Structures are given as C-alpha cells and as structure tokens.
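Reviewing the structure listed below.
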Amino acid sequence: FFLKIMKEERASGRSVIINDQGEKLENEEGTDEDESKSISCIDFMETKISSMYYRLGFFCAMYPKLIIFATIMLTVLCSLGISQMRTEDDPAVLWTPKHSTSVRDRDIINDSFP
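Residue numbers for the sequence shown follow the numbering used here, beginning at -3 and rising by one.
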C-alpha cells in the first residue's frame, strides 16, 4: 500500500494523500509550517525537473535527425583518443619503478650487449 503526498491544501492545513487506487485520504492532523515549506519546496523542484525533461523530450521528438547525428558525432569525437592509445607488454617496464637501480643496470646491459 504505497502512499504519495500529492499536494497540500493551504486553506484547511491538511495534506491530501492519494493511494494506489486514486482515492483521496486526508490527514487528520494539521501540518507544521516547516512541513508545508518542505512539501512546497519538493513540489517546486519536482515541477522544474519535470518541465525540464518534458522540454528535452519535446526537442528530441521535434528534431530526431539532429539528435541522432549529434550523438554519433559525440561518440566519434570521444573515441578519437583510442587510436592514440599504446599498450605496454614488457613486464620489466610494467612492474619496475622508472628511476630504480635495476632499470639503470638493465639499460647498461642492453646498450653493451645488443
């Protein structure tokens, strides 16, 4: 049984609760002023976010070719760095610190005995 606070009746000071079947249930207790501010703030944010997603969906529905082209181009641009990626397979380079004595010794041996 999931309850949602849908809106607050300001005149009576009671909050209206709507259950899953769409029936209105009224809260018998009066609401505090802090509670009404938080509910109205939540309602405000929900309205703004809902409006933003509605406009975004409307824009995507009006210009589907532009959205598809833009997402493909963004994917291609983000993937350009993969072509520059280099992998290292030498375990001596992978697990040895760059400025250690063993690296210097290995470089000397590799230069002396090609």
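Backbone N, C-alpha and C define an ideal beta-carbon position, used for all residues, glycine too.
Since this is a predicted model, take the numbers as computed values, not measurements.
What are the boundary residues of the alpha helix (DSSP H) that includes residue i?
i: Arg82; result: Neither: Arg82 is in no alpha helix (DSSP H) and is coded neither H nor E.
i: Val65; result: Note on identity: in this sequence residue 65 is Phe, with Val being the wrong assignment. Here the alpha helix (DSSP H) through Phe65 covers Pro60 to Ser75.
i: Thr97; result: Thr97 to Ser108
Cβ atoms of residue j and residue i: under 8 Å apart, would you say?
i: Arg100; j: Ala88; result: no
i: Cys56; j: Ile45; result: no
With residue i and residue j assumed to form a contact (beta carbons below 8 Å), what rounded beta-carbon distance in angstroms separates them?
i: Leu76; j: Glu84; result: Their Cβ separation, rounded to whole angstroms, is 21 Å, which puts Leu76 and Glu84 out of contact at 8 Å.
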